[in-house]
């Protein structure tokens, strides 16, 4: 998350934090690209987004039903700026590269929580965003447990200890 200065009546400037959701709605081209990518991934029911630097630039991939497919390839001139924008939105250390980093962001308007991991690679930092859809629900019966297994699991989840 980044901060903006807010001037108060006594001439004191106080930093006000902006949320990841607010940062995704910025007018810059990389914020728009990331907003479109996350929105499209949510609409398709994707489980994760991969931003993979390669020789040609950066491959933007989306995993839907276990299949990782290419959404868009952007040129190498955009590689660093795109990575920096992800770091800015997720509140990661911009000055650190070559080391793994993890972060998260809530996007209430999209009903998503995102987990992000950055890993160093030969061509730059690879980013994986896990989409946790807040609208997704499931029942134990849908998981394929037998009646006995489901009863044991339900009993175990009701215990106060252990």
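In the numbering used here, the protein residues as written are 26 to 187.
In this text, a Cβ means the ideal position worked out from N, Cα and C, and glycines have one as well.
Span separating the alpha-carbon of residue i from that of residue j
i: residue 97; j: residue 85; result: 5 Å
i: residue 125; j: residue 146; result: 10 Å
i: residue 90; j: residue 66; result: 12 Å
i: residue 72; j: residue 159; result: 12 Å
i: residue 117; j: residue 161; result: 27 Å
i: residue 64; j: residue 129; result: 17 Å
i: residue 185; j: residue 123; result: 43 Å
i: residue 75; j: residue 169; result: 30 Å
i: residue 57; j: residue 144; result: 23 Å
i: residue 152; j: residue 181; result: 37 Å
i: residue 104; j: residue 81; result: 10 Å
Neighbourhood of residue i by C-beta distance below 6 Å, restricted to the same chain and skipping five residues each side
i: residue 127; result: 142
i: residue 148; result: 78 and 79
i: residue 55; result: 106, 107 and 110
i: residue 167; result: none
Residue i versus the options, residue with shortest Cα-Cα distance
i: residue 60; options: 134, 177, 77 and 101; result: 134
i: residue 101; options: 83, 113 and 112; result: 83
i: residue 150; options: 112, 177, 94 and 140; result: 112
Beta-carbon spacing of residue i, residue j below 7 Å
i: residue 157; j: residue 138; result: yes
Nonlocal neighbours in the same chain, by C-beta distance under 7 Å from residue i, ignoring five residues either side
i: residue 94; result: 86 and 87
Residue i Cβ short of 6 Å to the ligand SAM heavy atom set
i: residue 155; result: Only the bare structure without any ligand can be found here, which leaves the ligand SAM out of the picture.
Contacting residues, own chain, Cβ-Cβ under 8 Å from residue i (five flanking each side not counted)
i: residue 178; result: 165 and 170
i: residue 69; result: 87 and 89
Could you pull out every unbroken alpha helix (DSSP H) segment of at least 4 residues lying fully inside the segment 60-144, listed in chain order?
For the segment 60-144, whole alpha helix (DSSP H) runs of length 4 or above, ordered along the chain, are 104-115.
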